[in-house]
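Here the structure comes first, spelled out in structure tokens, and everything after it is commentary.
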Amino acid sequence: MDIFLQQLVNGLTIGSMFALIALGYTMVYGVMKLINFAHGDLVAGSAFVGLFVFSELLGGEVSLPVVIGVFLLTIVVIALLGFTVERLAYRPLRTAPRLSAVVSALGASMVIQNGIMLLWGPQMHIFPELIPSMIWDIGGVVISLMQVLIMALSMILMIGLYLFVEKTKIGTAIRASAIDQDAARLMGINVNNIIVTIFLIGSALGAVGGLFIGLYYRGITFNMGWQYGLYAFVAAIMGGIGNIPGAMLGGVLLGLFNAFIAGYISSTWADAFTFILLIVILIVRPTGILGERVAEKV
Amino acid sequence: MVMIVLPALLDSRWLAVATTFVIFTIVALSQDIVLGKSGMFNMGQALFFGLGAYTTAVCNSVFGWPLLATLPLAILIPALFGIILAGPIIHLRGDYLLVVTIGFNIVFVQALQNNLFGVTGGPNGIFGLEMLNVPGLTAFQEFTPYYAALAVLVLTLFVIHNLESSKIGRALHYLREDDLAAGSIGINTRIYKIFAFSLGAGIAGMAGTVYANQYSAVSPEAFDFLQSVLFFSIVIVGGSSVPGILLGVFIMFVLPEIFREFATWRYFIFGFAMIFTMILRPRGIWPAKFGRIPKAFIDSRR
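Taken in sequence, the protein lines are chains Y and A.
Position one of the first sequence corresponds to residue 423 (the numbering used here), numbered consecutively onward.
Position one of the second sequence corresponds to residue 19 (the numbering used here), numbered consecutively onward.
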């Protein structure tokens, strides 16, 4: 029972991070039907930018205003980066065949990943310990302040996003563009602006996820983007791509699944099992867990 | 042709590059069958490449088979896997198929690294494989991997040429253009798709044997999904035609080798190059031209 509860906590923490990253993928895919391969690298980038902001710009001393500053500045930088990627790599290819956009996305991913390497070197860096390491032992289950914060903040952000998408006018515009871009245009929605918006929001959330990854795992390398990116994308698909609550659910489920496999079976098989799970889900429920049963052939 | 005389002109490092160039061309051609000709988003071709290579490696090191004898098995096993794996997923739409093929690839590599069934040699792979010996030709010993690769390439080109002008080739072309329409004129799209997948897998497996031959060793990293991404990009960037693929392999593989001195900057620039190539030539640098369909019909629809 101990292992179960412990892995539950671990899984929820990792899952929250995956969920944040998955949201970026799912929003972009929902509207543009494009897998933004560069998203994972933006997430990796955010960890490095956070490191930079902390040590170079804000003096390197841990305190609440500094931590908030790190988060806010990193979010702004990464959001802008996401905007740039959209402008340079995706917008010119709006009318091109899908595959070209995919390769362009791969190219963008390479640029960002190697950009990080050029700026910070190929070695692993240590992310600063911005959150004091307090742990509690509740009946054999170890839970740290960091985990609590990650889960709490992620939940707040996700609820916030959900309300934004469901209740506001822009949110409705996003949902409309995801259903049918041309019809949305006919309704007077400026789809270009919507696309910019989702890139900004998605990148911002990814930035938070990246900072959490830095805080949680401490060691960051320039090529960690692909690993988390792929997992997050799998999470988005599992939950139903294009579906925002789905991405959240998928992220959490994936985190839990991963933690349980690592805990009960072995961590060297964790990746393999995760993908087997994805394949099974796609065969059994191709639109994902919360996906809509669309007439479109999947 | 130039390619036949090449070994005499190159030193050993560039000869290795050239040999791998030929091998990658074979895999890229096999990827093209699935992606370019049949329109299936396959980003896991390295899986079949690796299957062929590992089949050869295992048969050679564990069972002691001579290299040539492993060839049929190295084609059959990947082809079989192609059928088994493609079956349940072939109806998925593009992007889902993409991720599933990546998934298969990752599962494969992890299985290799975890030393499945105790024969795959774990993360270090298997080495010390016997190389192809042509009796009596010991003078050119270093060249045999290259010529072996070249021979397989010629065979592959022959197969592809036949495919293009055959009923199967036409069927694949139609189902790529419009899956639903092809189905409505009586083409069993499912069977053809599985066939294409399997054929591509078999050819990639064949390339795997040659690859194992070149390095006398196999290891999991050579077949991870990033390699698949490479093959995928080769087909899209180069375009779905034979010159396009050759160009694609050259750009995506040889050029980075040439620029090794600029090691840290190469992939950075490379990424930009990929983006710009797609913006300027979305259908690839040298796209395919189809039979005798008048050019006007193709261009006006794009």
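Just so you know, even glycine gets a beta-carbon here, dropped at the ideal spot from N, CA and C.
- The residue from S216(A), A129(A), N142(A) with its alpha-carbon nearest to that of L98(A) is S216(A).
- For D559(Y), the uninterrupted beta strand (DSSP E) segment begins and ends at 557 to 560.
- In terms of CA proximity to G631(Y), A574(Y) leads the group A574(Y), Y512(Y), L712(Y).
- In the assembly as shown, N123(A) is a buried residue. Its beta-carbon has 16 or more other beta-carbons within 10 Å.
- Residue state for A235(A) is assigned as strand, using DSSP reduced to three classes.
- Under the rule that a run must span 4 or more residues, the alpha helix (DSSP H) segments found entirely inside the stretch 63 to 133 of chain A read 63 to 79, 85 to 107, 112 to 131.
- Here DSSP, grouped into helix, strand and coil, assigns F549(Y) to coil.
- The C-beta distance from F474(Y) to G673(Y) rounds to 27 Å, too long to meet the 8 Å contact threshold.
- Along the stretch 692 to 709 of chain Y, going in chain order, the ones with a CB nearer than 7 Å to a CB of chain A are D693, A694, F697, I698, L700, I701, L704, I705, P708.
- According to the DSSP assignment, I565(Y) belongs to the beta strand (DSSP E) that extends over 563 to 566.
- In the DSSP assignment, no residue is bridged to I203(A).
- Taking 8 Å as the cut-off between beta carbons, the residues of the stretch 109 to 133 of chain A near chain Y are H109, L110, R111, G112, D113, Y114, L116, V117, V118, I120, G121, F122, I124, V125, Q128, A129, Q131, N132, in sequence order.
- Contact of V247(A) with chain Y is assigned, a C-beta pair being separated by under 8 Å.
- Collapsing the DSSP output to three states places I144(A) in a strand.
- Looking at V498(Y), L567(Y), A657(Y), the one whose alpha-carbon comes closest to that of G713(Y) is A657(Y).
- At a cut-off of 8 Å, the C-beta of Y210(A) has no neighbouring C-beta in chain Y.
- Per the DSSP secondary-structure output, G218(A) pairs with nothing in a beta bridge.
- In terms of CA proximity to P141(A), P238(A) leads the group A34(A), P238(A), I263(A), R301(A).
- Taking L175(A) as the centre and dropping the five residues before and after it, the same chain places the C-beta of L47, V260 closer than 8 Å to its C-beta, in chain order.
- Of all C-beta pairs linking the stretch 537 to 544 of chain Y to the stretch 292 to 302 of chain A, fewer than three are shorter than 8 Å, placing the two stretches out of contact.
- Under the 10 Å beta carbon count, D424(Y) is surrounded by fewer than 16 other beta carbons and is classified as exposed.
- Counting the other CB atoms within 10 Å of its CB gives G70(A) a total of 16 or more, which places it among the buried residues.
- According to the DSSP secondary-structure assignment, G641(Y) is paired through a beta bridge with I548(Y).
- If you check the CB distance, G628(Y) and I500(Y) come in under 8 Å.
- Where K591(Y) is concerned, the enclosing alpha helix (DSSP H) starts and stops at 591 to 601.
- The shortest C-alpha to C-alpha distance from F213(A) to any of I186(A), A235(A), H191(A) is the one to I186(A).
- Contact of L528(Y) with chain A by beta-carbon distance below 7 Å involves V247, S251, M292.
- Where W648(Y) is concerned, the enclosing alpha helix (DSSP H) starts and stops at 646 to 661.
- Its Cα nearest to that of G54(A), the residue L193(A) stands out among A166(A), W83(A), L193(A), L168(A).
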